[in-house]
DNA sequence: TAGGCCATGTAAAAAGTTACATGATTTT
DNA sequence: AAAATCATGTAACTTTTTACATGGCCTA
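Okay, here's the thing in structure tokens:
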């Protein structure tokens, strides 16, 4: 029985539904999974996850049952058929607009006027971040991975790895140019 | 006289201040400038720009004067010294976290399960978007550019062009693989 | 036994989007 | 004469962040 207005899914709702497709999880588990996977293009905080799970349940897109560990209350959520269907119809929608928000790039865009040492620092950090991201993406490809990636040769994963590597390279080159 | 709490700048405030560094502008002009430049990593809507300009003025970071065109009221904003200083100290802050939000990637991340024809469509659109973005960035490099780019050989612009080209290539390759 | 991890949540604030409303000026 | 562009704004809503609060379980 859909009670809440879920005619359109918020990005966070989509992350949640998408992760639950692979396995049932607790709110906490969803947070861990996003931190290890989607955080590179869409993060989520507890302040969104828990309320969103309740909204999704009210709309009949997920269902939950209690599964305590000793005295620790614990609620495991899983996708309903309606939820799976809703998610898949979102996937099928045309998406015309790719909106990207990248505060680091914003800073760099205006940063040409920065003192040299700050610029070098910024470039170094950015390079390190991309190296970490590349390593993480490669790790997902090798291990079972937090998202239980069905197909380790999947396009997206490859895109992720290659994009992060390209970036790590680019920033490393700039770093060398500057020094 | 700073009246509003501007101890920390919102991203939109930073875009505004950053653009005003090059030239005084109206709210409308700021919107045009973002649409042609920062929109690829940070967009802004009128609903943010006009109220933010008033907050910035209340805080003494920008100042404005009326400059009507005929009967059309028109208010031109420019940076104050305090605003310039504030912006430059933001540039100098260390930034540890690069948070990126990319809804298109989110979709693709989960999209492996998509019906083939939807996937192809998505890939095609994405390729086209990147080709457009690459063209636009190259255009900025050639023309004076809406942001009055001081140095057309600047790192960021080069980064933008090369990133968009890399992406256009990547998605084109995937498109061919799929067909 | 202490520190880290698992686990759930809320309240307030901040940030951003969307839809609406209005009208002059400039270009085709 | 029509269409595009310049120009300013608001109200309601949605989305996200941040800071707080609590406490059991596991392992070194």
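Protein chains in written order, with my numbering: chain D, 21 to 199; chain E, 21 to 199. Idealized CB from N, CA, C, for every residue including glycine.
Within-7 Å CB hit, residue i to chain E
i	result
residue 109/D	no
residue 134/D	yes
residue 112/D	yes
residue 130/D	yes
residue 176/D	yes
residue 38/D	yes
residue 172/D	Note on residue 172/D: pLDDT 34, under 50, position unreliable in the model; the coordinate value appears next. Chain E contact via Cβ: absent.
residue 42/D	no
residue 61/D	yes
residue 126/D	yes
residue 75/D	no
Chain D within 7 Å of residue i, Cβ atoms only
i	result
residue 123/E	yes
residue 97/E	no
residue 138/E	yes
residue 168/E	Its pLDDT being 44, under 50, residue 168/E is placed unreliably in this model, and the value from its coordinates should be taken loosely. No, its Cβ sits nowhere closer than 7 Å to a Cβ of chain D.
residue 120/E	yes
residue 88/E	no
residue 93/E	no
residue 29/E	no
Candidates the options, of which the one nearest residue i by Cα
i	options	result
residue 180/E	36/D, 83/D and 190/D	190/D
residue 74/E	101/E, 105/E and 37/E	37/E
residue 61/E	129/D, 43/D and 81/D	129/D
residue 136/D	87/D, 194/D and 177/D	194/D
residue 146/E	29/D, 192/D and 176/D	176/D
residue 44/E	66/E, 87/E and 27/E	87/E
residue 111/D	107/E, 51/E, 143/E and 121/E	143/E
residue 6/D	52/D, 178/D, 66/D and 105/D	The structure shown does not extend to residue 6/D, since chain D spans only 21 to 199, so no value can be given for it.
residue 101/D	40/D, 66/D and 199/D	40/D
residue 199/E	52/E, 138/E and 90/E	138/E
Neighbourhood of residue i by C-beta distance below 8 Å, restricted to the same chain and skipping five residues each side
i	result
residue 70/D	47
residue 158/E	181
residue 72/D	30, 32, 33 and 36
residue 95/E	46, 47, 84, 85, 86 and 87
residue 68/E	32
Contact set for residue i: own chain, Cβ-Cβ below 7 Å, skip 5 residues either direction
i	result
residue 63/D	54
residue 77/E	83 and 84
residue 192/E	147
residue 124/D	146
residue 131/D	139 and 142
residue 51/E	64, 66 and 69
residue 99/E	37, 40, 41 and 82
Distance between beta carbons of residue j and residue i, contact taken as under 8 Å
i	j	result
residue 58/E	residue 126/D	6 Å
residue 97/D	residue 84/D	5 Å
residue 118/D	residue 186/E	Contact doesn't hold; Cβ gap of about 15 Å is too wide.
residue 103/D	residue 81/D	4 Å
residue 197/D	residue 114/E	The pair is not a contact, with the Cβ atoms about 21 Å apart (cut-off 8 Å).
residue 122/E	residue 92/D	Actually they are not in contact, since the Cβ atoms of residue 122/E and residue 92/D sit about 35 Å apart, beyond 8 Å.
residue 134/D	residue 154/D	Not a contact, Cβ separation roughly 26 Å.
Extent of the continuous alpha helix (DSSP H) run through residue i
i	result
residue 112/E	101-112
residue 92/E	Here residue 92/E belongs to no alpha helix (DSSP H), and DSSP marks it neither H nor E.
residue 180/D	175-198
residue 55/E	47-56
residue 74/D	66-78
residue 38/E	31-40
Residue interval of the beta strand (DSSP E) (run including residue i)
i	result
residue 86/D	82-86
residue 122/D	120-122
Contact set for residue i: own chain, Cβ-Cβ below 6 Å, skip 5 residues either direction
i	result
residue 107/D	37
residue 151/E	188
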